[in-house]
Each structure stands twice: as C-alpha cells, then as structure tokens.
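One structure is given below, encoded as structure tokens.
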C-alpha cells in the first residue's frame, strides 16, 4: 500500500513539474530578460533569431495565402464575367435566330398568299372565259333560232328545195 501511495505521489508531482515554464522561455511580444552569462546570451540570441525567422516565415505564408485568395477571387470574377458574356452572346444569338425564324415564316405566309391569289385569279379568268363562251353559245343559238324561225315563216324559193326538218 505504501508503494501505491508513493507511486501516486510521484505521478502527481511529475505532472506538476512538467507543467512548469522553462527558464529561457520568452513569450512572444515581450521584452527579453538581459542575460549576462555568455552561454545563456547565445541561447537567447539563437532563440530570438528563431522567433524572427518564424515570424518572417509566417508573414510570407500569410502574404502567399492572401495573394492566392486574391488570385482566386480575380479568377472567379473573370469566370463570372466570361459566363455573363457567353450568356449575353447566347441570348443575342437566340434573339437573332428567333427573328430569322419569324422572317422565314412571314416569307412562307406571303408565298402562300401569293399562290392563293394566283389560284383565285386563274379561277376568275376561267369563270370569265366560261361565261363568255356561254354567252357566245347563247348568241349563236339565238342566231340559229332566228334563222330557223325566219326560214319557217318565209316561203322557200321555188328553185330551192325546202329544207328537211
């Protein structure tokens, strides 16, 4: 049991000891303590140099990330502008296609009207020709009837034989 108590005390003491701050630790942004021992001064100089190099590397990394983010935003902006331009051109082409289709359909309608007008004109001409032919036939019939009626009323000359009915 004593061994168990001693082991537990060592575990707790080791944890507390390990959490202590090392003597050469300088928090970032604080003024370092002036050391008179040359070895400690050299250690502190190396530590300060390390902190400077680390700060410069972090600054370069932040600058690189910011540049990358700016480039990405510029690329996205350019892609959006290109997509907008493509959409504008597509809408313009579609509008032009619609207009061409409307013109084509109007031309077909005009052609159809022209053909219908030709058919109506031809029908009217044919009707006029038929009416005129009918009138001519009626006139000829009237003339023939008049001749027949005149020959029936008038006596036939003696030298000519009478027409057979």
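In my numbering, the protein residues as written are 85 to 249. For every residue, glycine included, the Cβ atom is placed at its ideal position computed from N, Cα and C.
As the crow flies, the alpha-carbon of residue 130 is around 59 Å from that of residue 170. Residue 136 and residue 150 have their C-alpha atoms roughly 21 Å apart. Spanning the alpha carbons of residue 152 and residue 138 requires a straight line of approximately 21 Å.
In the displayed model, residue 132 falls within a helix according to three-state DSSP.
Between residue 212 and residue 198, the alpha-carbon positions lie close to 21 Å from each other. Pairing residue 192 with residue 173, the inter-Cα distance amounts to about 28 Å.
In the three-state DSSP reduction, residue 199 falls in the helix class (H, G or I). For residue 159 and residue 140, the gap between their C-alpha atoms comes out near 28 Å.
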